[in-house]
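Chemist:
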Amino acid sequence: MEFLYNVFVALHFIGWAIVLGGYLASLRSPGLYKGVFHGALTALVAGVAMVGIGEASVWKDWASGGPDMAKIGVKLVVALVIAVLAFVAKRQATKAADGAVAPGVKHAIGGLTLVNILVAVFWN
């Protein structure tokens, strides 16, 4: 089970890398890369799978550093908001002739992705 857990950790990292990379690469264009939505969903599903597998087998002893459920809850809410915003951006891009996305939606995706990464790293 630990191997499967590590596979989902890697997928989680790859998903967030796609979201952040897609956002940064599209800063000078009016649109947003389509992969941002798929990266957000990948990171979200992989994160939920990590928590499920961790609860079932990997995090056996809570006293030795089990996860903080408040942290997981915050990350889940932020990831859900990012996924919804990425979906909204994808729909906006298909409706616009030039594939433009509202700058507020685009920058909210990038900002919240950074927030999610910072919560993961610095919340102990």
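Quick note on numbering: numbering that gives the first Met the number 0 labels position 121 of the sequence shown as 120, and the sequence is numbered without any gaps. By construction, the Cβ of each residue, glycine as well, lies at the ideal position given by its N, Cα and C atoms. Keep in mind the model is a prediction, meaning the values are calculated, not measured.
#1: Is the segment 112-119 in contact with the segment 7-18, if contact means three or more CB pairs nearer than 8 Å?
#2: To the nearest whole angstrom, what separates the beta carbons of GLY109 and TYR22, a pair I think is in contact under 8 Å?
#3: Please report the residue range of the alpha helix (DSSP H) in which PRO66 lies.
#4: What are the boundary residues of the alpha helix (DSSP H) that LYS105 is part of?
#5: For ALA45, which option in SER56, VAL73, ILE13 has the closest C-alpha, if you only look at C-alpha atoms?
#6: For a test of the three-state rule: what should DSSP assign to LYS59, helix, strand or coil?
#7: Within a Cβ cutoff of 8 Å, which residues of the same chain sit near ALA24, ignoring the five residues on either side of it in sequence?
#8: Taking ARG90 as the reference, give the member of LYS74, GLU1, ALA78, LYS105 with the closest Cα.
#9: Roughly how many angstroms lie between the CA atoms of LEU75 and THR93, to the nearest whole one?
#10: So, for VAL47: in the same chain, excluding its five sequence neighbours on each side, which residues have a beta-carbon less than 8 Å away from its beta-carbon?
#11: Residues in its own chain within less than 8 Å of ILE52 by CB, not counting five upstream and five downstream?
Modeler: Inspection of the coordinates gives the following:
#1: yes
#2: 4 Å
#3: Per DSSP, PRO66 belongs to no alpha helix (DSSP H) and is neither H nor E.
#4: 102-121
#5: ILE13
#6: coil
#7: TYR32
#8: LYS105
#9: 27 Å
#10: LEU75
#11: MET0, LEU3, TYR4, PHE7
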